[in-house]
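First up is the structure itself, then whatever we jot down about it.
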Amino acid sequence: MARVPILGDVSGVVDEGLEGLDHNFVTARIEDLVKWSRARSCWPATFGLACCAIEMMATGAAHFDLARYGMEVFRASPRQADLMIVAGRVSQKMAPVLRQIYDQMMEPKWVISMGVCASSGGMFNNYAIVQGVDQIVPVDVYAPGCPPGPETLMHAILTLHDQILTGELTRRRDRTGGGAGIDLAQMPPREQPAPEPTDAP
Amino acid sequence: MTTPVVDEAVGAMDMGSDERVRRRDRSAVLRMTEVEAAELAITPRNPITGEVADERMILNMGPAHPSTHGVLRLLLEMEGETVLRSKPIIGYLHTGMEKTGENLTFLQGPTNVTRMDYASPLFSELVFSLATEQLLGIEVPTRATWIRMLMCELNRVSSHLLFQATNGMDLGAVSMMIYGWREREEVLRFFEKVTGLRMNHNYIRPGGVAADLPDGWQDDIRHLLEIIPPRLDEYEILLNNQPIFRARLQGVGVLEPAEALALSVTGPILRATGYDWDLRRDEPYLAYDQVDFDVVVGTCGDSFDRYAVRLEEIRQSLHIVEQILDLMPDGDYRTQDKKVTPPPRARIDESMEALIHHFKIFTEGFHVPEGEVYAAVESPRGELGCYIVSDGGPKPYRMHIRGPSFANLQTLPHLMHGRLIADAVAVISSVDPIMGEVDR
Amino acid sequence: MSDTEATVEEAAPVPASTSCGQSVLHPGRDAYLGTVESLRNEGYCSAIDLTVVDYLTHPGRTDLPEGIEPERFEVVVGLIDHARRTRIRLRVQVPADDPTVPSLFDLFPGTEAMEREAFDLFGVSFEGHPDHSRILLPEDWVGHPLRKDEGIGAIPVQFKAASERR
Chain W
1 MARVPILGDV
11 SGVVDEGLEG
21 LDHNFVTARI
31 EDLVKWSRAR
41 SCWPATFGLA
51 CCAIEMMATG
61 AAHFDLARYG
71 MEVFRASPRQ
81 ADLMIVAGRV
91 SQKMAPVLRQ
101 IYDQMMEPKW
111 VISMGVCASS
121 GGMFNNYAIV
131 QGVDQIVPVD
141 VYAPGCPPGP
151 ETLMHAILTL
161 HDQILTGELT
171 RRRDRTGGGA
181 GIDLAQMPPR
191 EQPAPEPTDA
201 P
Chain S
202 MTTPVVDEAV
212 GAMDMGSDER
222 VRRRDRSAVL
232 RMTEVEAAEL
242 AITPRNPITG
252 EVADERMILN
262 MGPAHPSTHG
272 VLRLLLEMEG
282 ETVLRSKPII
292 GYLHTGMEKT
302 GENLTFLQGP
312 TNVTRMDYAS
322 PLFSELVFSL
332 ATEQLLGIEV
342 PTRATWIRML
352 MCELNRVSSH
362 LLFQATNGMD
372 LGAVSMMIYG
382 WREREEVLRF
392 FEKVTGLRMN
402 HNYIRPGGVA
412 ADLPDGWQDD
422 IRHLLEIIPP
432 RLDEYEILLN
442 NQPIFRARLQ
452 GVGVLEPAEA
462 LALSVTGPIL
472 RATGYDWDLR
482 RDEPYLAYDQ
492 VDFDVVVGTC
502 GDSFDRYAVR
512 LEEIRQSLHI
522 VEQILDLMPD
532 GDYRTQDKKV
542 TPPPRARIDE
552 SMEALIHHFK
562 IFTEGFHVPE
572 GEVYAAVESP
582 RGELGCYIVS
592 DGGPKPYRMH
602 IRGPSFANLQ
612 TLPHLMHGRL
622 IADAVAVISS
632 VDPIMGEVDR
Chain G
642 MSDTEATVEE
652 AAPVPASTSC
662 GQSVLHPGRD
672 AYLGTVESLR
682 NEGYCSAIDL
692 TVVDYLTHPG
702 RTDLPEGIEP
712 ERFEVVVGLI
722 DHARRTRIRL
732 RVQVPADDPT
742 VPSLFDLFPG
752 TEAMEREAFD
762 LFGVSFEGHP
772 DHSRILLPED
782 WVGHPLRKDE
792 GIGAIPVQFK
802 AASERR
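Residue numbers (this note's numbering), protein chains in the order written: chain W, 1 to 201; chain S, 202 to 641; chain G, 642 to 807.
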């Protein structure tokens, strides 16, 4: 049975001196720490417009749970948010409001375009709907679906986190000068370890 | 046969009740353009005497506020913290669905209308299909009717659970949001099993439904009937006697029956005022005359009544679902009229005629005789109506959806008049608008 | 003929018809307000719906009763009588060169938003409406999109990745 040290009882603590530096400290580059913290505490701004907002709320609810990524706090104020999930169709009247909210967010900020209406206008190719929010704000990840189920939205969010961590997102943004424009369907598959060769006759 | 409340309310209509509505209207509804509002924001003036009133200001609420009720914008004229006049500004979700509907065939119509009221999409599909079937003059098989009724009542349950969740969260009972979604996921799981989608199902189509219920659906329904009622009791214990919840909802946003009728209000808001009108019982459609359920009516017309009416309606809907479980007939799930219903996919390989019908229905669409019709159903928000004008072609000439929230929103200035701004949040959430059907 | 239509007919004959089993009245523009008021006095307590139809590209209406001149716009009003559980629909012809009808706001305040929507999307004006402005489209929008001579406003769809996939 493991000994639980009583407060004040330091007899079980091993003092290794300077040799303990190897496993009692974590070293990393500042850049990696910054990317890690940006990915792991990415607070979304509420920009739920239509049906996709209901699925976004479902993703934040207990069954699919965005809280495990630290994202259940949907900030109503864009000043406190990092991520804008544009969930729903953007009408002509709403477009200036969308841009204003995006401008009020502080850098670094990311945009997920959730659903086909936000990504491209969806089934509504008409006078009233902006054909894709990338006409108004730079988009980093497009999540297709009508509405995308919570699994798809989480895939989009996790893709965003991965890309923040690897730095790919920032590279793409610098290259395009706008959003990263990652399409979930076109992501290169993660490197899988090569399967063990079997001696099958 | 009418109830006393109905007679009294109708009688009150003649006795100058609309004078009362008009008086409240002048003092409650803020009718000014944005330019005037901006001017007043700089030098607020008392609108009657004209003198400078620096306690009075015009506050803009929305359209981007916490995403429970969508993109509704309110201009509030406030004196300190009291709301005097207000003006709801809508249109931030206008999608041009009625124009889009004129470019889609009648078979594609449900995909369009289902996205109007996105919390209860099956009702929009139902009313569109009913209107189309009336124009076509076809009969839908009984099994299809009962399947439609089952899905619609489950949709009412999921929509009212959404209301409970968002209502609780708006008032500060944030855990209600988590609980409401917990049950909703169970219902959505059933929908996904039957229709293939969690939302915007495109399941109820003119002629019947898209697919039959899968095997084992009775067990799934029994599972729902087991888990949801005890949790409704939990919500009652959690909320009903909670003093803060009661203080925030009781007496807040009182609406009288005559006012509600004058403002074209329908649904739980009308029933909460004490007025006894439910289309399922009074103008039965589908098979509602063959099932037994109570129409839930409130007493005071305040926000607490609206919450309680919707909670009890969940129980009544589950009672209907229980009866459907026993009474579901066998038969076809869609009409066999070949001109309207696509043939089964297997037949397309065998029969040239089936292939031609399939081709014609999915490319050109079936032709609907000339005429115009209005069909209405009782959606969780009120009377959802569909007015279709057909010119004999495959696409509707004009398709108009009467969204209940569009009319219900007109009550907001009257309900918020003279109350604090915190009550404004409670009032909006108790009216439960879905902006998709408001703006269409 | 139902009691309603008989009573209304006694005051001033309003042509009536039925459509899919639903009774429809066709008052002229001048008789419109009077008809609605007498219907309301009879017990039609709520105005359920008010909308407009633009018949510009319609091949030809065959469901209008005799004596009614078809015009480009039609204002369609639905009323409901809860006590007798009946509905009635009114269809008023509105010419294109003078698209104005009286507003029902004084009789049924609930038609306020519906008339604003009709003005916004079709350009039909309602005299006596307290707040005659656009409701769904931005205030500076030009045109009335649901009119038949205005297109849907679709943009050509580009499939940018199509060539890569081949």
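Every residue gets a Cβ at the ideal spot worked out from N, C-alpha and C, and that includes glycine.
Between residue i and the rest of its own chain, which residues show a CB-CB distance below 6 Å, the 5 nearest in sequence each way excluded?
i      : result
S/L464 : Q611, T612
W/L83  : C42, P44, W110
S/V272 : P264, Y293, L294, M636
S/A412 : none
S/Q524 : V492
G/Y685 : L720, D722
G/L674 : P743
S/T396 : H402, Y404
S/S268 : Confidence in S/S268 is poor, its pLDDT being 49 and thus under 50, which makes the residue's placement unreliable; the coordinate value appears in the next sentence. So the list is empty, once near-sequence residues are dropped.
S/K539 : H558
Can you tell which of the options has its C-alpha closest to the C-alpha of residue i?
i      : options                        : result
G/T752 : G/D695, G/A737, G/R725, G/G769 : G/G769
G/V733 : G/F800, G/P668, G/A657         : G/P668
S/N368 : S/G408, S/K394, S/H424, S/L440 : S/L440
S/D503 : S/I549, S/F560, S/A461         : S/A461
S/G532 : S/P543, S/P444, S/Q451, S/V341 : S/V341
S/R507 : S/S631, S/A547, S/P322         : S/S631
W/N125 : S/G310, S/T343, S/F329, S/N304 : S/N304
S/H559 : S/L276, S/P544, S/K596         : S/P544
S/V230 : G/D772, G/R730, G/S660, G/Q799 : G/D772
G/I793 : W/G149, W/I136, W/L169, W/I129 : W/I129
S/M258 : S/H266, S/R274, S/E278         : S/E278
S/G427 : S/K539, S/F563, S/H520, S/P597 : At residue 427 of chain S the sequence reads Glu, which differs from the Gly that was named. Of the listed residues, the one whose Cα sits closest to S/E427 is S/H520.
W/D103 : W/P78, W/G115, W/S120          : W/P78
G/P656 : G/D704, G/L787, G/R681         : G/D704
S/P595 : S/T283, S/K288, S/R274, S/L308 : S/L308
S/E237 : S/L276, S/M262, S/H266, S/M377 : S/L276
I'd like to check one pair, residue j with residue i: are the Cβ atoms closer than 7 Å?
i      : j      : result
S/D483 : G/R726 : yes
G/V765 : G/V717 : no
S/E387 : S/L425 : yes
S/V296 : W/R89  : Here the sequence assigns Thr to residue 296 of chain S, which means Val is not the residue at that position. Taking 7 Å as the Cβ cut-off, S/T296 and W/R89 qualify as a contacting pair.
S/E579 : S/D592 : no
S/C587 : S/V328 : yes
S/T333 : S/P407 : yes
S/M600 : S/G281 : no
S/E514 : S/H618 : no
W/G70  : W/R40  : yes
Count the other CB atoms within 10 Å of the CB of residue i; is the residue buried (16 or more) or exposed (fewer)?
i      : result
S/Q335 : buried
S/T306 : buried
S/D479 : buried
S/H270 : buried
S/G499 : buried
S/M553 : exposed
S/I291 : buried
G/L731 : buried
W/L33  : exposed
S/T315 : buried
S/K394 : exposed
S/A642 : The structure shown does not extend to residue 642 of chain S, since chain S spans only 202 to 641, so no value can be given for it.
W/I30  : exposed
S/S330 : buried
S/P289 : buried
S/A577 : buried
Once the 5 residues before and after residue i are set aside, which same chain residues still bring their CB inside 8 Å of it?
i      : result
S/V410 : A345, I348, R349, M352, Y404, Y534, R535
G/D690 : V717, V718, G719, M755
Counting only the same chain and skipping the five closest in sequence on each side, list residues whose C-beta sits under 7 Å from that of residue i.
i      : result
S/V211 : Confidence is the limiting factor: at S/V211 the pLDDT is only 44, short of 50, which leaves the residue's position unreliable and the question unanswerable from this model.
W/V139 : V111, S113, V133, G179, G181
Heavy atom of the ligand PLP less than 6 Å from the Cβ of residue i, yes or no?
i      : result
S/E334 : For the ligand PLP, the structure offers nothing, since it holds no ligand at all.
### Task
With a floor of 3 residues, list each beta strand (DSSP E) that falls wholly inside the segment 709-780 of chain G, ordered by position along the chain.
Complete beta strand (DSSP E) runs here, min 3: 714-722, 727-735, 741-743, 766-768.
### Task
Pick out the complete alpha helix (DSSP H) segments inside the segment 498-584 of chain S, 4 residues or longer, and give them in chain order.
Whole alpha helix (DSSP H) segments, 4+ residues: 504-528, 546-551, 553-564.
### Task
Quick one: which unbroken beta strand (DSSP E) runs of 3-plus residues sit fully inside the segment 249-309 of chain S? Chain order, please.
257-262, 274-280, 283-290
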